[in-house]
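Chemist:
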Amino acid sequence: MKTIAIDIDDVLAANAEGFVEFSNRRWGTHLKPDDYTEHWAEMWGVDFDEVENRRDIMVAERVFLNHRLFKEAKLVLESLSKNHKLVIVSSRGPRVQADTIDWINQSFESIFSEFHFTKIWDRPMHILEQLKMTKAEVCREIGADYLIDDQPKHCIAAAEAGITALLFGSYRWTKVDDLPKNVIKVKNWLAVEKYFDGQS
């Protein structure tokens, strides 16, 4: 049984949409989902101390546990779980991990057998260095055969480690050309289903 590693934010749930909605309401920004980037200081135009202040507020207000789930995800994953081991591989930080596991298990009825967190944001280095880190090492350690993720850097690094990656979504940041041959673009969960139907 092959293992599929699956990201949460902007793969299972609409993180960029929920993030900018909260930011616009809380701080008066005028962001759109396509403005989202992992480089929050650049996106907001603030210093790194203010980024940490805002992160604290978002964690306290449980913003990351209220994102809209993609309705097709559950049906497709239920089907895939019959012949694959499904695991979560996420970059979410330690303060939201326990609640994230509860939220995902409740929403997807425990179809994920394992949860793995990359600890990217836990490392004692500057945020600009953290932003360069990828999920490839974790995917390799857990023996993942596939990765479904919306961030090109994670998909490309996984591909370089011999893991087939599905670059998920039609986001500004997924519009990347010249991808390795084992990085496949999938615009939504129906495209994911079609891809795996072709592998069986």
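Read in my numbering, the sequence shown has 108 at position 121, and its numbers run on one by one without any break. For every residue, glycine included, the Cβ atom is placed at its ideal position computed from N, Cα and C.
1) Compare the Cα-Cα distances from D248 to each of K72, T161, G185, A60 and report the closest residue.
2) Taking DSSP's pairing of strands, which residues face I75 in a bridge?
3) In terms of residues, what are the limits of the alpha helix (DSSP H) holding F58?
4) For L18 and E29, what's the separation of their Cα atoms in angstroms?
5) Just confirm the distance between the C-beta atoms of T(-10) and H71, as a whole number of angstroms; I'd bet it's less than 8 Å.
6) Drop a sphere of 10 angstroms on the beta-carbon of A(-8), count the other beta-carbons inside from all chains shown, and report buried for 16 or more, exposed for fewer.
7) Where are the alpha helix (DSSP H) runs, 4 residues long or more, that stay fully inside the segment 126 to 169, in chain order?
8) Suppose the cutoff is 6 Å on Cβ atoms and the five residues either side in sequence are ignored; what does the same chain contact list for A144 look like?
9) Going by Cα to Cα distance, which pick from M45, L62, N40 is closest to R12?
10) Please classify A178: does DSSP put it in a helix, a strand, or coil?
11) Count the other CB atoms within 10 Å of the CB of A131; is the residue buried (16 or more) or exposed (fewer)?
12) Tell me the DSSP secondary structure of K119 in three-state form.
13) Return the residue from the list P167, R79, I171, G80 that minimises the CA-CA distance to S157.
14) Give me whichever residues DSSP pairs with K172 in a beta bridge.
15) Given S66, which residues of its chain have a CB within under 8 Å of its CB, disregarding the five upstream and five downstream residues?
16) Less than 8 Å between C-beta atoms, sequence neighbours within five positions excluded: which residues of the same chain meet that for I90?
17) Using the C-alpha atoms, what's the distance from D164 back to C126?
Modeler: Looking at the atomic coordinates:
1) An answer regarding residue 248 cannot be provided, because it is not within the stretch -12 to 187 covered by the chain.
2) The secondary-structure analysis by DSSP pairs I75 across a beta bridge with I(-7), F102.
3) Per the sequence presented here, residue 58 reads as Lys, with Phe not at that position. In the DSSP annotation of this structure, the continuous segment of the alpha helix (DSSP H) that includes K58 starts and ends at 58 to 67.
4) Here the C-alpha atom of L18 lies approximately 12 Å from the C-alpha atom of E29.
5) At roughly 7 Å, the Cβ-Cβ gap stays under 8 Å, so T(-10) and H71 are in contact.
6) That one is buried.
7) With a minimum length of 4 residues, the continuous alpha helix (DSSP H) runs that stay inside the segment 126 to 169 are 139 to 147.
8) Within its own chain, the residues whose Cβ lies closer than 6 Å to the Cβ of A144, once the five positions on either side in sequence are excluded, are T121, A123, listed in chain order.
9) Of the candidates M45, L62, N40, the one whose C-alpha sits nearest the C-alpha of R12 is M45.
10) Helix.
11) Buried is the call here.
12) At K119, the pLDDT of 46 sits below 50, so the modelled position is not reliable and the matter cannot be decided from this model.
13) In terms of Cα proximity to S157, the closest of P167, R79, I171, G80 is I171.
14) Answer is L154, bridged to K172.
15) Here the set comprises E180.
16) Residue identity check: residue 90 is Trp in the sequence provided, not Ile. Answer for W90: L52, listed in chain order.
17) For C126 and D164, the gap between their C-alpha atoms comes out near 23 Å.
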